[in-house]
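Have a look at the structure below before the remarks.
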Amino acid sequence: MTGKTYGTPLPGMPKAHFTGKLIVIEGADGSGRTTEAGLLKEWLEISGHAVVDTGLRRSTLVSEQIDQAKQGHTLGATTLALFYSVDFADQLENKIVPALAAGSTVLADRYIYTLMARAIARGASREWAEQLYEFALIPDLVVLLDARPDILLHRSIMKYGSLDYWESGMDLCLSPDRFESFFLYQERLRREFGWMRKSYGFRVIDANRNPAQVHVDVKRAVAPLYGSTKKRGHPRGGERPEPKEPTSPMPSAASE
Amino acid sequence: MIRETPSPAHGYPGRLLIFEGLDGSGKSTNARLLGKWLYARGYRVFFTEWNSSELVSDTIRRGKKKGLLTPTTFCLLHATDFADRFERHILPPLRAGYVVICDRYAYTAFARDAARGCDPHWVRNIYSFAPRADRTFYFQVPVSVTLHRKLASRQKISYYEAGMDMKLSDDIVVCFEKFQSRLKHEYDRLAVSDKFTVIDGDRPLEAVQTQIRKEIRPLLDGFPTVESLIHDG
Chain A
209 MTGKTYGTPL PGMPKAHFTG KLIVIEGADG SGRTTEAGLL KEWLEISGHA VVDTGLRRST
269 LVSEQIDQAK QGHTLGATTL ALFYSVDFAD QLENKIVPAL AAGSTVLADR YIYTLMARAI
329 ARGASREWAE QLYEFALIPD LVVLLDARPD ILLHRSIMKY GSLDYWESGM DLCLSPDRFE
389 SFFLYQERLR REFGWMRKSY GFRVIDANRN PAQVHVDVKR AVAPLYGSTK KRGHPRGGER
449 PEPKEPTSPM PSAASE
Chain B
11 MIRETPSPAH GYPGRLLIFE GLDGSGKSTN ARLLGKWLYA RGYRVFFTEW NSSELVSDTI
71 RRGKKKGLLT PTTFCLLHAT DFADRFERHI LPPLRAGYVV ICDRYAYTAF ARDAARGCDP
131 HWVRNIYSFA PRADRTFYFQ VPVSVTLHRK LASRQKISYY EAGMDMKLSD DIVVCFEKFQ
191 SRLKHEYDRL AVSDKFTVID GDRPLEAVQT QIRKEIRPLL DGFPTVESLI HDG
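If you read the sequences in order, they're chains A and B. Going letter by letter, the first sequence gives residues 209 to 464 in our numbering. Going letter by letter, the second sequence gives residues 11 to 243 in our numbering.
See below:
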C-alpha cells in the first residue's frame, strides 16, 4: 500500500510505502461483518498471507475504559467520539502501521467510517469528523456490507435475543421505544454511509444474502489486490478449489 | 426579572473566564482568588480545572505511567478529557448564567500539542466545539522563574511536564527548561492570535490579583448576582 493518509499524517509516521495491505470491512451490526472477516482471514492465510486482525475498542490504551464508560451511559457525544479516536490512533500507531511495515495484511473489522458515522449521527459535523480522522491510512480496499434494517433487526434479535442499547442509538433519545429507536438510528447511520460510499470509494456488497454467497463477492473484491485478475480465483491465482464449507475450513485441507 | 445579556463572545448567558500559562506562573492561585472574590460579591461562580474528568484522567495517568502515549494519543486523550469536562462542567453552568472560571482551557492543548509536533490546524479542529471566552488571562513569566518556583517548592518535575517524551535532554531539569520554553513560545503566539490579556506574572501576587479584579469589572456590568435574581425574579 502507498502509506498515504487522507490529510496531514501523524508526527512520527514512517513515510515509506508499506509492503502489507490494509483491507477494511464495514457494515452495521448484523450485516455479517465479523463472520465475513473471519472467512476472509481464513482464505488469505490458507493462501499464505499473514493476517493481523484489528477492530474497534481493541487498543491496550483505552478499550477497557471505553467499555466502562459505555456501561454507565454517562459520557457526552463529543467525549465518546474522542475517546474512540484515542482507541483508533493507538491501534494505528502501535498495531496497524507496524504490521503493514512488516508486510502483513491488516484486516480491519470496521475503521474510521463507522466512527465518523456514529459521531455525525450524534450531532458532530461531517467536516469535524473528517478532519479528526484525516490522519488515517487510506486502505487498499473498503468493503461495505450493506443490509436492510429489517434484516439487521432479525439478525440482532437472533444473535443477542434483544436489541443492544448502543446499536439502537438509545443514547440519542430518538424514541423511548427501543424497537423504533433502532430503526431511526440505523437509518441515520445508513444515510452517513451513503455519502461516504462515494467520497471514500467503498466496494458495496449486498449483505442481505447468506454468508457463503457474500463471501464469494468479498473474495472477488479482494483477489485483485494480490495480483490475481481471475474473478473467482485464489489470491495467488492458483487453481485450488474454494472451500465448500465457508465456516472454518481446516488449513490442512488446502495444503500443498 | 433581570435577564442576563448573552455574552458577545459565545452567546450564552454566563461568562467564561480562562486562566492560562505555564506551570508555576501563578494562574491557578489567581483563578481561585478571583473565584472567591466573585462568590463573596454574590455572583454564581463555577470553577473547573484541567484533567478533571474522572474516567479519562485514570486512563491518562495509566498511559503516562506506562509510557504508552505518543504525541497523538496524548493529544486525543486530553481532548477527550476536556470534552468530558466541557459537556459536564463548563457548558451547563454557562447556559445557566454562571461565571465559569477555567484553570486551563483548550489553549493548553494548543500549546502542548504544537510543542509535541501535532498539526496545529488538526488540533484546532478537534477543539472547535469549545466556545471563545469572554476573557483569557495569560500569565506570562520567564521559564527561569517557573523553574525556580518549582524547585523552591520542592515539587517533583513530572516526566511529561518536562517533555521527557520529546527526548530534548536526558537531564530532567534541562529538558524541562527546553520544553517549557517551547510552550512559552506557543503561548506567546496564541496571546496575539487569540487576543489574550497578558498578565506579567513575575510580580507580587496581590498586585496581580488587583489588576485582574480591575480587568473583570466591566465584564460584569449589569451581570446579575444571586441576590438580584431572588429579589427581582
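For glycine and all other residues, C-beta sits at the position ideal for the given N, C-alpha and C. Since the model is a prediction, treat every value here as computed from it, not as a measurement.
Pick from the options that is closest to residue i, judged by C-alpha positions
i, options, result
"residue 143(B)", "177(B), 128(B), 101(B)", "101(B)"
"residue 278(A)", "27(B), 66(B), 17(B), 232(B)", "66(B)"
"residue 54(B)", "72(B), 36(B), 68(B), 26(B)", "26(B)"
"residue 164(B)", "209(B), 206(B), 213(B), 183(B)", "183(B)"
"residue 429(A)", "412(A), 416(A), 420(A), 239(A)", "412(A)"
"residue 194(B)", "185(B), 150(B), 160(B), 44(B)", "150(B)"
"residue 123(B)", "229(B), 133(B), 69(B)", "133(B)"
"residue 251(A)", "391(A), 344(A), 427(A), 314(A)", "427(A)"
"residue 315(A)", "424(A), 378(A), 347(A)", "347(A)"
"residue 187(B)", "174(B), 145(B), 41(B), 38(B)", "174(B)"
"residue 320(A)", "358(A), 338(A), 255(A)", "338(A)"
"residue 207(B)", "160(B), 126(B), 223(B), 145(B)", "145(B)"
"residue 177(B)", "219(B), 141(B), 126(B)", "126(B)"
"residue 223(A)", "435(A), 240(A), 309(A), 264(A)", "309(A)"
Listed by chain order, chain B residues near residue i by CB distance under 7 Å
i, result
"residue 298(A)", "83"
"residue 270(A)", "69"
Partner residues on chain A for residue i, Cβ-Cβ distance less than 9 Å
i, result
"residue 139(B)", "286, 332, 336"
"residue 136(B)", "290, 293, 336, 339, 340"
"residue 97(B)", "283, 284, 285, 286, 287"
"residue 175(B)", "Correct list: empty, because the minimum Cβ distance to chain A is about 11 Å."
"residue 212(B)", "Chain A residues near residue 212(B): none, gap ~33 Å exceeds 9 Å."
"residue 198(B)", "Chain A residues near residue 198(B): none, gap ~22 Å exceeds 9 Å."
Where residue i sits in the DSSP three-state scheme
i, result
"residue 421(A)", "helix"
"residue 439(A)", "Its pLDDT being 47, under 50, residue 439(A) is placed unreliably in this model, and the coordinates cannot settle the point."
"residue 25(B)", "strand"
"residue 150(B)", "strand"
"residue 171(B)", "coil"
"residue 401(A)", "helix"
"residue 185(B)", "helix"
"residue 236(A)", "coil"
"residue 411(A)", "strand"
"residue 270(A)", "coil"
"residue 205(B)", "coil"
"residue 275(A)", "helix"
"residue 198(B)", "helix"
"residue 231(B)", "coil"
"residue 385(A)", "coil"
"residue 91(B)", "helix"
Per-residue contacts from residue i into chain B (C-beta, under 8 Å)
i, result
"residue 216(A)", "129, 131, 132"
"residue 277(A)", "65"
"residue 273(A)", "65, 66, 68, 69"
Distance between beta carbons of residue j and residue i, contact taken as under 8 Å
i, j, result
"residue 165(A)", "residue 63(B)", "Absent from the model: residue 165(A). The displayed extent of chain A is 209 to 464, so no value can be given."
"residue 289(A)", "residue 394(A)", "With 8 Å as the limit, residue 289(A) and residue 394(A) do not qualify as a contact, their Cβ atoms being about 18 Å apart."
"residue 243(A)", "residue 419(A)", "5 Å"
"residue 410(A)", "residue 350(A)", "5 Å"
"residue 274(A)", "residue 296(A)", "With 8 Å as the limit, residue 274(A) and residue 296(A) do not qualify as a contact, their Cβ atoms being about 11 Å apart."
"residue 313(A)", "residue 259(A)", "5 Å"
"residue 112(B)", "residue 29(B)", "7 Å"
"residue 238(A)", "residue 363(A)", "4 Å"
Within chain B, the residues that residue i reaches when beta carbons sit closer than 9 Å
i, result
"residue 219(A)", "80, 81, 82, 126, 127, 128, 129"
"residue 301(A)", "80, 82, 83"
Partners in chain A for residue i, counting only beta-carbon separations shorter than 7 Å
i, result
"residue 86(B)", "290, 293, 294, 297"
"residue 217(B)", "Going along chain A, no residue has its Cβ under 7 Å from residue 217(B), so there is no contact; the nearest lies around 39 Å."
"residue 73(B)", "269"
"residue 264(B)", "Since the first and last residues shown for chain B are 11 and 243, residue 264(B) lies out of range."
"residue 116(B)", "In chain order: nothing, as chain A lies at least about 12 Å away."
"residue 113(B)", "What residue 113(B) touches in chain A: nothing, since even the nearest Cβ is about 19 Å away."
"residue 143(B)", "Result: empty, since nearest Cβ-Cβ is about 18 Å, beyond 7 Å."
Residue i: CB within 7 Å of a non-hydrogen atom of the ligand GDP
i, result
"residue 103(B)", "Annotation note on the ligand GDP: not contained in the displayed structure, which lists no ligands."
Interface residues of chain A facing residue i [CB-CB closer than 8 Å]
i, result
"residue 94(B)", "283, 284, 287"
Minimum length 3: unbroken beta strand (DSSP E) runs contained in the region 277-306 of chain A: none
Residue ranges of each beta strand (DSSP E) run of no fewer than 3 residues wholly in the region 295-381 of chain A, ordered along the chain? 313-317, 349-354
Entirely enclosed alpha helix (DSSP H) segments - the region 101-170 of chain B, minimum 4 residues: 101-105, 116-125, 130-136, 153-162
Output the residue ranges of the alpha helix (DSSP H) runs that lie fully inside the region 28-80 of chain B and measure 4 residues or longer, sorted by chain position. 37-50, 64-75
Could you name each continuous beta strand (DSSP E) segment of 3 residues or more that falls completely within the region 213-262 of chain A, going from the start of the chain to the end? Note on the region 213-262 of chain A: whole beta strand (DSSP E) runs with a minimum of 3 residues are 229-235, in chain order.
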